[in-house]
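In what follows, a single structure is set out as structure tokens and then discussed.
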Amino acid sequence: MKKLIVILFSLLPALAMAAGPSVPLDAANNDLSDKASLQRGAQIFMNYCFACHATQYQRYGRVAEDLGIPDDLMKEYLIFDPNAKIGDLMVNAIPADYAAASFGAPAPDLTMVARVRGSDWLYTYLRSFYADPTRPFGVNNIVFPSVGMPHVLEELQGVPSKVYETRLVDGVEIEEYVGIRSDGTGELNDEEYDEAVRDLVNFLEYSAEPMKLERQRLGYWVMGFIVVFFVLTLLLKKEYWRDVH
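Right under this line is the structure:
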């Protein structure tokens, strides 16, 4: 009985993850074949995310090659460590203990985050920050309540706030949450910010599986080979069994 209880408790985190988020997610609609989007996403990531979050299973050179970025431009605009080489892993300089002291936990590596969380979750999360003076960094998040991360893209979006609308329910006025709205102080308008977040998530999805498009392309060839092999096998079987019948 004790073993059964232990097993059930060990499955609770997995069951919670399987249940999915309680907030409806917006579709990211990524396109991994859009090199321009991936390049913009890499630029946003390196300028706003890389100070805390590494992608330590990626190499600068591999990213430059896959995204069509010349090595000299990669070094000039996307590699900020003067000691880093084009073939190095993309590891940032923030110590794990310092990050833990500053944010409550070490900043997670983002190489595989799109595969763990999902692109739609990331896209919705990055567009769901709102001003909350009670939090250490002055912001909270609809998708990830009590998040320990500051809104690093606030420069682009502006100061976001929760928006409510009043509606009547059985003759009683209630405040209903309808979304997030920026105060307009950011560098981008709402549509431009959504597109910038989509570019960033597109890059993170690429980082999670750089070979995804190649794997899918090879998959079509493999399926075609299996179909041809099946036809040849069927014809060979008929040839062998012709004398038996």
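All letters in the sequence shown, in the order written, are residues -18 to -1, 1 to 227 by mature numbering (1 follows the signal peptide of the UniProt record, and there is no 0). We put the CB at the ideal spot given by N, CA and C, even for glycine. If you're wondering where the values come from, they're calculated on a predicted model, not measured in any experiment.
- Every unbroken stretch of the alpha helix (DSSP H) spanning 4 or more residues and falling wholly within the stretch 131 to 199 is given here in chain order: 136 to 139, 172 to 190.
- For A10, no beta strand (DSSP E) segment is defined, and its DSSP state is neither H nor E.
- Judged by DSSP in its simplified three-state form, N29 adopts helix.
- When rounded, the separation of the alpha-carbon atoms in V134 and D79 is 20 Å.
- Taking a cut-off of 8 Å for Cβ pairs, the stretch 4 to 21 and the stretch 180 to 199 touch, as three or more such pairs fall below it.
- Taking the Cβ atoms as the reference, A33 lies roughly 6 Å from N74, within the contact range of under 8 Å.
- Assignment of T215 by DSSP, reduced to helix, strand and coil, places it in the helix class.
- Excluding residues up to 5 positions away in sequence, P88 lie with their Cβ nearer than 6 Å to the Cβ of A82 in the same chain.
- Judged by DSSP secondary structure, F62 falls outside any alpha helix (DSSP H); it is assigned neither H nor E.
- Here the alpha carbons of E147 and P64 stand approximately 51 Å from one another.
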